[in-house]
Amino acid sequence: MNRPLAAAAVGAPASRRTGAGLSVRGLSHAFGPDEVLVGIDLDVDAGQVVALVGPSGCGKTTLLHLCAGLLRNQEGRVDNGFESQACVFQQPRLLPWKTTLDNVALGLAAAGVARSERERRARELALRMGLADADLDKFPHQLSGGMQSRVALARALVLDPQLLLLDEPFSALDVGLKEELYELLLAHLAERSMAVLMITHDLMEAVRLSDTILVMAPEPGHIVARFELPRPLALRDDGWSHRSTARLLQHPAVRSSFGLRPRNARADARSSTAPALVRLAGHALGHDDVDSPTAGDDAPVFVPVEPRQRGGPTRC
Numbered sequence: 001m002n003r004p005l006a007a008a009a010v011g012a013p014a015s016r017r018t019g020a021g022l023s024v025r026g027l028s029h030a031f032g033p034d035e036v037l038v039g040i041d042l043d044v045d046a047g048q049v050v051a052l053v054g055p056s057g058c059g060k061t062t063l064l065h066l067c068a069g070l071l072r073n074q075e076g077r078v079d080n081g082f083e084s085q086a087c088v089f090q091q092p093r094l095l096p097w098k099t100t101l102d103n104v105a106l107g108l109a110a111a112g113v114a115r116s117e118r119e120r121r122a123r124e125l126a127l128r129m130g131l132a133d134a135d136l137d138k139f140p141h142q143l144s145g146g147m148q149s150r151v152a153l154a155r156a157l158v159l160d161p162q163l164l165l166l167d168e169p170f171s172a173l174d175v176g177l178k179e180e181l182y183e184l185l186l187a188h189l190a191e192r193s194m195a196v197l198m199i200t201h202d203l204m205e206a207v208r209l210s211d212t213i214l215v216m217a218p219e220p221g222h223i224v225a226r227f228e229l230p231r232p233l234a235l236r237d238d239g240w241s242h243r244s245t246a247r248l249l250q251h252p253a254v255r256s257s258f259g260l261r262p263r264n265a266r267a268d269a270r271s272s273t274a275p276a277l278v279r280l281a282g283h284a285l286g287h288d289d290v291d292s293p294t295a296g297d298d299a300p301v302f303v304p305v306e307p308r309q310r311g312g313p314t315r316c
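Written as structure tokens, this is what we have:
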């Protein structure tokens with residue numbers, strides 16, 4: 001039976017809804033005559049990681065900026081019950097005239113934290129992010145792109161925010177650097193009950209980091225599907241992540257969102273070869289668990305979403 005989204009919003013499983021956190025209802029937005037978002041409803045609860053996934057131009061960044069309060073919403077409601085938040089953007093956006101240490105401590109300085117205390121906290125977290133002592137006195141132009149990304153992430157995390165907003169901060173990094181920053185972020189999440197709303201066009205990244213994936217489609221941007229990922233973040237190895245991503249890529253809502261051809265009878269007839277290809281790819285990457293008989297027991301769970309129409313109810 002379908003349920004009104006007002007009772008069960010997209011993004012938060014019933015067992016985790018506490019009434020606190022980030023709540024978005026009926027959000028629509030336009031730039032001039034161009035409609036960017038329509039009928040967006042979602043929840044993010046404390047300790048939950050929600051990923052917004054979709055192709056370029058579907059309004060993901062606009063939605064994140066509305067949730068962050070960087071844009072004024074035109075229609076609908078954004079209720080943010082978190083007491084503190086921090087953002088990490090696609091570009092590091094470091095201040096070029098400040099050292100690494102001062103960039104990490106920037107938010108603490110704005111909050112009025114005493115210099116000795118903010119430098120202590122900034123140094124401690126910067127070192128945990130993989131930066132060396134010698135890096136802390138360098139300026140942004142003296143740091144590699146990967147090091148700048150570490151600084152940007154540390155600048156947000158040092159504030160110990162209740163809500164972390166990620167605007168594709170890993171998109172320009174190579175696979176190795178991405179994995180390092182994933183591990184650093186996951187380690188931080190394991191220690192704190194911090195909520196995360198992240199946007200990405202990388203489905204594998206969403207599978208690796210999130211509890212819930214919301215799939216968006218463009219023209220105008222709207223949510224078309226929700227997937228719950230039951231496996232705990234700490235237990236997601238590469239084999240599981242590859243399998244789960246492959247499963248999601250076969251789902252009609254995901255394929256349609258990214259402009260992929262729908263699966264047809266001929267493709268389905270060949271689908272029996274897919275497990276073998278997944279096994280071969282997994283073994284090539286050193287993932288022996290791809291043959292495990294329980295490998296699919298905690299696969300992503302699809303939750304249907306009926307897109308909201310203006311003035312009408314949303315159901316999922």
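Letter by letter, the sequence shown follows residues 1 to 316 of the working numbering.
In this text, a Cβ means the ideal position worked out from N, Cα and C, and glycines have one as well.
Asked	Found
So, at 7 Å on beta carbons, what are the nonlocal neighbours of E83 in its own chain, with the 5 sequence-adjacent residues on each side left out?	Q162
Using the C-alpha atoms, what's the distance from R123 back to A190?	21 Å
Does the distance from the C-beta atom of T61 to that of D167 stay below 7 Å?	yes
Give me the Cα-Cα distance between G221 and L125, rounded to the nearest whole angstrom.	37 Å
State buried or exposed for H141, treating a residue as buried only when at least 16 other CB atoms are found within 10 Å of its CB.	exposed
When you compare only the Cα positions, how much space is there between L209 and P96?	30 Å
Give me the Cα-Cα distance between V151 and A109, rounded to the nearest whole angstrom.	16 Å
With distances taken from CA atoms, which of A111, M147, A156 is nearest H188?	A156
Could you check what DSSP says for G21 in three-state terms: helix, strand or coil?	coil
Can you find the residues in the same chain that come closer than 7 Å, C-beta to C-beta, to F302, ignoring five residues on each side of it along the sequence?	A225, F227, H251
Taking all protein chains shown into account, decide if P169 is buried (16 or more other Cβ within 10 angstroms of its Cβ) or exposed.	buried
Identify which residue in R121, L106, E219 has its Cα closest to the Cα of D34.	E219
List the DSSP bridge partners of M198.	A51, L166
Just how far apart, CA to CA, sit T245 and V207?	7 Å
Beta strand (DSSP E) containing A318: first to last residue?	No statement about residue 318 is possible, as the shown extent of the chain runs from 1 to 316 and does not include it.
On a CA-only basis, which of D43, G54, L184, G39 is nearest V215? Give me that one, please.	G54
What do you get for L235, buried or exposed, if any count of 16 or more other CB atoms within 10 angstroms of its CB means buried?	exposed
For E183, is the classification buried or exposed, using 16 other Cβ atoms within 10 angstroms of its Cβ as the cut-off for buried?	exposed
State the start and end residues of the unbroken alpha helix (DSSP H) segment that holds L248.	238–249
Hey, quick one: how far does the beta strand (DSSP E) through E35 stretch, first residue to last?	34–44
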